[in-house]
Amino acid sequence: MEAEGRVRGPPLPPPSPGGGGGAGAEADPPAGAAGAARGPLLAAAAEVLALDDEEDDLEVFSKDTSLTEVNSFSPSMPISPSSMINQYKFEDEPELRDLFITVDDPESHITAIETFITYRVVTKTSRGEFDSSEYEVRRRYQDFLWLKSKLEEAHPTLIIPPLPEKFIMKGMVERFSDEFIETRRKALHKFLNRIADHPTLTFNEDFKIFLTAQAWELSSHKKQGPSLLSRMGQTVRAVASSVRGVKNRPEMFTEMNDYMETFSQKINVLDKIAHRIYKEEREYFNEMKEYGPIHTLWSASEEDIADSLKGVASCIDKCCKATEKQMAGLSENLLPVLHEYVLYSEILMGVLKRRDQIQGELDSKVDALANKKTEKDLFSEEIGKLEDKVECANNALKADWDRWKQNMQCDMRSTFTNVAENNLRYYEEHVLCVLPGTMDAMDMIQLPSSSAHLL
Numbered sequence: 003m004e005a006e007g008r009v010r011g012p013p014l015p016p017p018s019p020g021g022g023g024g025a026g027a028e029a030d031p032p033a034g035a036a037g038a039a040r041g042p043l044l045a046a047a048a049e050v051l052a053l054d055d056e057e058d059d060l061e062v063f064s065k066d067t068s069l070t071e072v073n074s075f076s077p078s079m080p081i082s083p084s085s086m087i088n089q090y091k092f093e094d095e096p097e098l099r100d101l102f103i104t105v106d107d108p109e110s111h112i113t114a115i116e117t118f119i120t121y122r123v124v125t126k127t128s129r130g131e132f133d134s135s136e137y138e139v140r141r142r143y144q145d146f147l148w149l150k151s152k153l154e155e156a157h158p159t160l161i162i163p164p165l166p167e168k169f170i171m172k173g174m175v176e177r178f179s180d181e182f183i184e185t186r187r188k189a190l191h192k193f194l195n196r197i198a199d200h201p202t203l204t205f206n207e208d209f210k211i212f213l214t215a216q217a218w219e220l221s222s223h224k225k226q227g228p229s230l231l232s233r234m235g236q237t238v239r240a241v242a243s244s245v246r247g248v249k250n251r252p253e254m255f256t257e258m259n260d261y262m263e264t265f266s267q268k269i270n271v272l273d274k275i276a277h278r279i280y281k282e283e284r285e286y287f288n289e290m291k292e293y294g295p296i297h298t299l300w301s302a303s304e305e306d307i308a309d310s311l312k313g314v315a316s317c318i319d320k321c322c323k324a325t326e327k328q329m330a331g332l333s334e335n336l337l338p339v340l341h342e343y344v345l346y347s348e349i350l351m352g353v354l355k356r357r358d359q360i361q362g363e364l365d366s367k368v369d370a371l372a373n374k375k376t377e378k379d380l381f382s383e384e385i386g387k388l389e390d391k392v393e394c395a396n397n398a399l400k401a402d403w404d405r406w407k408q409n410m411q412c413d414m415r416s417t418f419t420n421v422a423e424n425n426l427r428y429y430e431e432h433v434l435c436v437l438p439g440t441m442d443a444m445d446m447i448q449l450p451s452s453s454a455h456l457l
C-alpha cells in the first residue's frame, strides 16, 4: 500500500486562504448558493432528517462542543475488516496533517474558441514522496473533472467527494460573474481538501500529479488514459452486470441502499425548501429597501411628523441590514452544505451500484462454473480472484461508509446549529431593537382618522 511507505514529517502551517486575491475573490455570496431559513425550516429539518428512530444517526441540534468543526474532514477512522488485500485498511489513530492545499486567484482566459477560468492550486507538504515542499499550478474546471473520474476509476467503491456542477441553476446567478467564480472556487477548495484528508485517496498517484504537474505535463499525462474501446468495454460489462442483478448481496449493503434512498429523498426536500425560503427572504428584503426611503421622502412634506417618519425609515433600514446580514451568513452555512449532500447521495448510490456490479460478476462466474464441466481449473482461478475483489470492495465501502456517515452527521449538526444561532441573533435584533423603535415612532404620528388606513 502506498500509505505504508510514506515518510512523515512535522505538519506545515496552512497557507493563507487569501493569498491570491484574484477576480471574484472578494465577491458577495451568490443568490444561487445562498440560503436563509426561518423557524419552520429548522422544524422541517428535524422531522425530515429523522431517518432512524432507533439509531441516533442525525443529532442535528446537539450542542456537543467536543465535535470537530464543520470544516474538519478527518475524524478518527475505525479499522476495516480483515482482507486478503490490504489496500484499503485504514489506520486506527488519526495523524498530523502533512498536506495543505489552497485554491485561489481565479483568472479569466478568452480564446477564439472558448472562455474559461483557471484557479491557482497551492500545495504545501512534508511528505517524502513529493520532490518539493511547495507547489503552485493553475487548473481549470475540466482538470478537476478529470481527477474525479480517475479517482472513481482507481477506487470504484470509495466515496469520492462531489464537484460543483458544470452549470448552475438557471436564473440564480450569471455564469462567469464574480459571485459564480467565488462560489465555485470555494467548492473546488473543499473538494481537494476532502481528498487530501482521506486516508486512501490522498495517496493516489493521479492526485499527486494533479497537484504538482505543470499544465503541459498534466495534458501529456491525460493522454495516457484508457482507450475508448477499453472504456466502452468497461461500460458494457457494468451495464450487463447491473441488469443481471445480485443474488448474494450481504444484508449490510441492502441496509445501506435503503438508508441512502431515504436520505436522498429527504435531503432533496430540504434543499428545495431552503431555496424557496431564500427566494422569499430575498423578495422581502427587496421590498423593504423600497419601503424605507418612502418614509424619508414623506417627511420632507410633513414638517409636524418629519422626525417620526424619519424614525420609521431608520427602523426599516435596520431591518434591511439585519436581513441582509442574516442572508449573507446563511448563504455560507446552509445551502452549500445541503446541496453538497444532495450530490453525495447520488455518488453513494453510484458506489453501491458499482459494488453490486463486482458482486454480479462473481455470481455470473459461479453460475458458469456450475453449468460447465470443462475448464474447471480456469474458472476456479477466476472465481478466486473475483472473490478477493469482492472482499476488497466490501471492506473499502464499509470503512468509507462509516467515515462518510460520521462526517455527514458532523456537517449537519454544525450547519443547523449555525442556522439556529444566526436566526436567534436576527430575531433578537428585530424584536428587541427595531420593532420597539418603530412602535414609538408610530405613536408619535398623529394623523386624521381618514388617513389612518395608510399606516
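Start counting the sequence shown at 3; every next residue gets the next number (my numbering). Positions of the beta carbon are idealized from the N, C-alpha and C atoms, including for glycine.
Can you check which of these residues, the options, is closest to residue i by C-alpha distance?
{"i": "Ile-119", "options": "Thr-127, Pro-108, Ser-128", "result": "Pro-108"}
{"i": "Leu-337", "options": "Ala-276, Tyr-293, Ser-301", "result": "Ala-276"}
{"i": "Met-410", "options": "Ala-156, Lys-152, Ile-161", "result": "Ile-161"}
{"i": "Thr-104", "options": "Ser-366, Ala-395, Glu-326, Leu-213", "result": "Leu-213"}
{"i": "Asp-180", "options": "Asp-106, Val-353, Glu-304", "result": "Asp-106"}
{"i": "Glu-184", "options": "Arg-356, Leu-98, Glu-334", "result": "Glu-334"}
{"i": "Ser-382", "options": "Cys-394, Glu-393, Asp-369", "result": "Asp-369"}
{"i": "Arg-356", "options": "Lys-210, Arg-415, Glu-131, Val-248", "result": "Val-248"}
{"i": "Thr-417", "options": "Asp-404, Leu-345, Gly-331", "result": "Gly-331"}
{"i": "Asp-133", "options": "Tyr-343, Trp-300, Arg-99, Lys-210", "result": "Lys-210"}
{"i": "Glu-167", "options": "Arg-427, Ile-385, Val-344", "result": "Val-344"}
{"i": "Lys-152", "options": "Lys-225, Glu-393, Glu-131, Arg-187", "result": "Lys-225"}
{"i": "Gln-267", "options": "Ser-347, Trp-300, Thr-125", "result": "Ser-347"}
{"i": "Met-414", "options": "Leu-388, Lys-391, Asp-273", "result": "Asp-273"}
{"i": "Ser-110", "options": "Arg-405, Arg-187, Leu-299", "result": "Arg-187"}
{"i": "Asn-250", "options": "Ser-301, Val-123, Val-392", "result": "Val-392"}
{"i": "Val-353", "options": "Ser-316, Cys-321, Asn-397, Thr-325", "result": "Asn-397"}
{"i": "Leu-371", "options": "Glu-384, Trp-300, Cys-321", "result": "Glu-384"}
{"i": "Leu-101", "options": "Asn-195, Ile-318, Ser-221", "result": "Asn-195"}
{"i": "Trp-300", "options": "Ala-315, Leu-350, Ile-279", "result": "Ala-315"}
{"i": "Thr-125", "options": "Leu-190, Val-139, Ile-112, Glu-131", "result": "Val-139"}
{"i": "Asp-404", "options": "Leu-388, Met-254, Lys-320", "result": "Met-254"}
{"i": "Arg-318", "options": "Glu-304, Thr-298, Ala-302, Glu-305", "result": "The sequence shown places Ile at residue 318, rather than the Arg named in the question. Checking every option, the nearest Cα to that of Ile-318 belongs to Thr-298."}
{"i": "Met-351", "options": "Met-290, Glu-263, Tyr-429", "result": "Glu-263"}
{"i": "Tyr-121", "options": "Gly-386, Ser-222, Leu-98, Ala-189", "result": "Ala-189"}
{"i": "Ser-221", "options": "Asp-260, Arg-142, Lys-387", "result": "Arg-142"}
{"i": "Glu-116", "options": "Glu-154, Gln-144, Arg-129", "result": "Gln-144"}
{"i": "Leu-399", "options": "Cys-412, Ile-279, Ile-349", "result": "Ile-349"}
{"i": "Glu-431", "options": "Lys-387, Leu-165, Ser-135, Cys-321", "result": "Cys-321"}
{"i": "Ala-324", "options": "Asp-208, Tyr-428, Thr-256, Pro-164", "result": "Tyr-428"}
{"i": "Glu-155", "options": "Phe-265, Ile-269, Glu-207", "result": "Glu-207"}
Note the first and the last residue of the continuous beta strand (DSSP E) segment covering residue i.
{"i": "Asp-106", "result": "101-112"}
Using DSSP's beta-bridge definition, name the partner residues of residue i.
{"i": "Val-139", "result": "Val-123"}
{"i": "Phe-287", "result": "BP columns for Phe-287 are empty, so no partner."}
{"i": "Phe-118", "result": "His-111"}
By the DSSP assignment, the alpha helix (DSSP H) with residue i in it spans what residues?
{"i": "His-191", "result": "180-198"}
{"i": "His-223", "result": "217-224"}
{"i": "Gly-493", "result": "This structure gives no information on residue 493, because the portion of the chain shown stretches from 3 to 457."}
{"i": "Phe-209", "result": "207-214"}
Shorter than 7 angstroms, the distance from the beta carbon of residue i to the closest heavy atom of the ligand GTP, or not?
{"i": "Asn-270", "result": "For the ligand GTP, the structure offers nothing, since it holds no ligand at all."}
Counting pairs of Cβ atoms below 8 angstroms between the region 148-161 and the region 196-207, do you hit three or more?
Result yes; three or more Cβ-Cβ pairs closer than 8 angstroms.
Cβ contact check for the region 302-315 and the region 327-344: 3 or more pairs under 8 angstroms
no
At 4 residues or longer, and completely inside the region 337-373: list those alpha helix (DSSP H) runs for me, N to C.
337-373
Contact between the region 291-305 and the region 364-373 is defined here as three or more beta-carbon pairs at a separation below 8 angstroms; is this criterion met?
Not touching, per the Cβ criterion.
Three-pair Cβ contact test at 8 angstroms for the region 422-429 versus the region 320-331:
yes
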